[in-house]
Structure formats: structure tokens, C-alpha cells
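Asker: Below: one structure in C-alpha cells.
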Amino acid sequence: MSETVFTRQPHLSPLSDAERVEILQDPGFGKVFTDHMVSIDWTWSEDGGAWHDARVEPYGPLQLDPAAAVLHYGQEIFEGLKAYRHADGSVWTFRPEANAARLNRSAERLALPQLPEEMFLASLRAQLEADQAWVPTGEGQSLYLRPFMFAAEAFLGVRPARQVRYMVIASPAGNYFGGELKPVTIWVSRDLARAGKGGTGAAKTGGNYAASLLPQLQAAEKGADQVVFLDETHDDSIEELGGMNVFFVYEDGRLVTPELTGTILEGVTRSSILQLGRDMGMSVEERRVTLAEWAEGVRTGAITEVFACGTAAVVTPIGRLLDGDDVIESTGGTEVAMKIRAELEGIQIGMVEDRHGWMHRLV
Ligand SMILES: *Cc1c(COP(=O)(O)O)cnc(C)c1O
89 MSETVFTRQP HLSPLSDAER VEILQDPGFG KVFTDHMVSI DWTWSEDGGA WHDARVEPYG
149 PLQLDPAAAV LHYGQEIFEG LKAYRHADGS VWTFRPEANA ARLNRSAERL ALPQLPEEMF
209 LASLRAQLEA DQAWVPTGEG QSLYLRPFMF AAEAFLGVRP ARQVRYMVIA SPAGNYFGGE
269 LKPVTIWVSR DLARAGKGGT GAAKTGGNYA ASLLPQLQAA EKGADQVVFL DETHDDSIEE
329 LGGMNVFFVY EDGRLVTPEL TGTILEGVTR SSILQLGRDM GMSVEERRVT LAEWAEGVRT
389 GAITEVFACG TAAVVTPIGR LLDGDDVIES TGGTEVAMKI RAELEGIQIG MVEDRHGWMH
449 RLV
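Start counting the sequence shown at 89; every next residue gets the next number (the numbering used here).
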């Protein structure tokens, strides 16, 4: 397959160096966007449809028909990965092939077209070629890349859209939860779920996030930072947070994460941590973990750490669990979580050997 060619329309008045440097001091998360964006359109045809009009343009609002199917039926998917500046100035991303594959698994479930891996990788390169000055250099900082695909066709009938757009936008990122890394409090959603059997839980799609917002609000009312969802069909098994997977560290050196059941999103961070755990000589398990096991494990000391993981927040220790009126205080341990975090971030920023070939140079 030939390399995707992008037409390039540079921004005529990009942010000044001084303004950009000011923003990169403390970018927060998802608040500021770079000067450019990437788009590729897809149009259906009898013999399968095709991607066309790949372009890099100044970042700005879209002109979208009010009948665009995404606004009505939520046919959309997204990805999230980061670009890291290495000491020699080069810019790299982490396991983008895994994101490309997941985008296509999500696309299949949402009846959106497949995007060739080459096109996905070329779109990230095109974004970075235009905006490489936006990759911050501060500790823990990166440029968050947000590829996404949505139904752009103006049509209110219910069927997969015949006009689809794939885009990439980018946003400089610091610490996801803001400020110092401190253990987060989690609230168990007993009544509301983000996903169900046969649904879209394993796809990275906006609808799952929409379903998580009310429980997230309830969590916040209880004083928690995040909500944890349970497997509705298997009573008290832990699934994941609204946008992060969960790990348990056992006193005897086991590293356990809930198995993929079709309702859990398969995180790239999750699978990387399973590998890093093995590398560190831990025995890793993917299996059901019930709330009762969590409570009991913390009480007896069998579970020494619980942490959440995902691209945005990397690895974040979970300090306490609120379940109705019950409070499960963790042991407060963060040693393994921090060790894994340091290893992962070390690989990503080019300070630890990339022994699994995970890094991919963009510019
Ligand atoms: C994106 C996402 C994750 C984390 O995936 P990573 O590839 O590690 O960033 C976990 N859960 C949900 C629901 C997600 O959307």
C-alpha cells in the first residue's frame, strides 16, 4: 500500500513562541490545542468505499451539518496516545500499532470503516510534522494525541453512515489529575453501568463515556475522584474505572488485573504493565477479582497496592474505596505502582532501554 499523501495548509497566524512556551509551562489536560489538525474523509461506495482528501489544516471549528449522524446516534470512536520528546530532540510515540489495531476493533463494533495502519501512523506523523514545537520537555509532560472517527453524513435514517471523517487533534499534557501525584479515592457504582454484555464496553467510543458521566457525578458527590464499575452479569467482579484499567498487587508478588470479558476496554497501558510485571519477575494473572476479594485482601494485608492505569494518567495509586457506607482504606502502599510507572515512563521518554520495541519515532 502506498504512503498516504497529505495536503498541507499551514496556519497563517500560529501562536507565537512566547505564548506557546507560556502554555507549555502548565498545560493541564485537554484544555489547549495545537495549531493544526489532521483530517481524512471516507466515502461509501458499492465496492466498499475509500479514504480520500488527507489534509493538515489550521486547527479550528468544523462545519458540520446539523443532521450529521454522530450528533444523533453517537456513531464515533476515538483513541488516545502520547508523543514524547527525547533528549536528542526527536519525538516518539508508544505502541501506536496497538492503538491502530484497537481503533479498527472499535470501528468494527461501531460499523465504521477500517483505517489502514499505515494511514493511522502517517496521520500521527503529519500532525507532529506540523506541530512538533508543541511537544513539551518538562518532567511528566507530553503531547497528547487524540485520533477519532465519526459519522459525518447528514442522514437521520438509522444505518451506518456513508460519509465518515477521521481526524487527529493534539493537546499538550501535564499531570492528568493535576498537581502532585496523590492516591485517588474511588466510588463503586452499584446501580449504574458503563457497559453491558454484548454492548460496546470493549470499544473506545463516546457512548461509554456518556454512560459514565452520571455515576462519575455521583462519585464526586460522595467525595471520590473516580468511579469503579462492576460486572453486572457476574455480581461483584471489578471491571474498570470510567477511563482506566485496574491492577492489584499482592504481598506474594502477584500482579492481578480483571480479565477481558467484552465489557472491559483493553488498555495499551494495561497490556504493557502485564509485560513489565513479568519482566520484573512478578507472576501476572488476568482473572475476575471481586469487591469482596478487594476488601478482604486489604483487611488481611494480602493486597498491598491497588492502582489504576491508562495513557492519560499513566499509573495512579488508589488510596481508598467507597462502597455505599463502607470505606475500604488501602494499605497506602505505592511502591510497586511507582516502580512500574517509572519503568514505563522511562521507556517512553527514552531513558530506559526499549527492550520490547515499543517506541515509534514520529519526527
Ligand atoms: C482508553 C481507555 C482505557 C485505557 O487505555 P490505554 O490504552 O491504556 O490508554 C481504559 N478504559 C477505558 C474505558 C478507556 O476508554
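Built from N, CA and C at the ideal position, the CB exists for glycine as well.
1. F395 by DSSP, collapsed to three states: which one?
2. Determine the direct distance from the alpha carbon of E185 to that of L203, and round the result to whole angstroms.
3. Quick one: what does DSSP say T388 is sitting in, helix, strand or coil?
4. Determine whether the beta carbon atoms of R278 and G412 lie at a separation below 8 Å.
5. How about the segment 212-219 and the segment 239-254: do they share at least three Cβ pairs that are nearer than 8 Å?
6. Thinking just about the alpha-carbon of each residue, which of F395, I352 and S127 is nearest to the one in T95?
7. Would you check if the segment 148-158 and the segment 220-230 touch, i.e. whether three or more CB-CB distances between them fall below 8 Å?
8. Quick check on A380: buried or exposed, where buried means 16 or more other Cβ atoms within 10 Å of its Cβ?
9. Consult DSSP for V356 and reduce its assignment to one of helix, strand or coil.
10. With a cut-off of 8 Å on the beta carbons, I'd call E327 and F335 a contact; round off their distance for me.
11. Around the C-beta of E167, are 16 or more other C-beta atoms found within 10 angstroms, so that it is buried, or is it exposed?
12. Taking just the CA atoms, how far does F236 sit from V424?
13. Indicate the three-state DSSP secondary structure (helix, strand or coil) for M255 in the structure shown.
14. Would DSSP call M125 helix, strand or coil?
15. Nearest to W130 by CA position, among P98, A307, P102 and A195, is which residue?
16. Taking the alpha-carbon of F117 as reference, which of L231, A106 and L305 has the nearest alpha-carbon?
17. Since I believe E393 is in contact with T422 (beta carbons under 8 Å), could you give me their beta-carbon distance rounded to a whole number of angstroms?
18. How far does the alpha helix (DSSP H) with A214 in it reach, from first residue to last?
Answerer: Based on what the coordinates show:
1. Looking up residue 395 in the sequence shown gives position 307. It is a strand residue.
2. Locating residue 203 in the sequence shown gives position 115, where the first residue counts as 1. Locating residue 185 in the sequence shown gives position 97, where the first residue counts as 1. The alpha-carbon atoms of L203 and E185 are separated by roughly 12 Å.
3. For the purposes of this step, residue 388 is identified with residue 300 of the sequence shown, where counting begins at 1. Helix, per DSSP.
4. By one-based count along the sequence shown, residue 278 stands at place 190. By one-based count along the sequence shown, residue 412 stands at place 324. Taking 8 Å as the Cβ cut-off, R278 and G412 qualify as a contacting pair.
5. Segments in contact, no.
6. Stepping through the sequence shown from its first residue, residue 95 is reached at position 7. Answer by Cα proximity: S127.
7. no
8. By 1-based counting over the sequence shown, the position of residue 380 is 292. Counting Cβ neighbours within 10 Å, A380 comes out exposed, since fewer than 16 surround it.
9. Counting from 1 along the sequence shown, the entry for residue 356 is found at position 268. In the structure shown, V356 sits in a helix (DSSP, three-state: H, G or I).
10. Residue mapping note: residue 327 aligns to position 239 of the sequence shown, counting from 1. Residue mapping note: residue 335 aligns to position 247 of the sequence shown, counting from 1. Contact doesn't hold; Cβ gap of about 13 Å is too wide.
11. Looking up residue 167 in the sequence shown gives position 79. It is buried - the Cβ of E167 has at least 16 other Cβ atoms within 10 Å.
12. If you number the sequence shown from 1, residue 424 lands on position 336. If you number the sequence shown from 1, residue 236 lands on position 148. C-alpha separation (whole angstroms): 33 Å.
13. Position 167 of the sequence shown holds residue 255. Three-state result, M255: strand.
14. Position 37 of the sequence shown, counted from the first residue, corresponds to residue 125. Three-state DSSP puts M125 in a strand.
15. Taking the sequence shown and counting its residues from 1, the one referred to as residue 130 is at position 42. Closest by alpha carbon: A195.
16. As a working mapping, residue 117 is identified with position 29 in the sequence shown. F117 has its Cα closest to that of L231, out of L231, A106 and L305.
17. Against the sequence shown, residue 422 aligns to sequence position 334. Against the sequence shown, residue 393 aligns to sequence position 305. Confirmed, about 6 Å.
18. As a position in the sequence shown, residue 214 is number 126, starting the count at 1. Element bounds for A214: E205 to D219.
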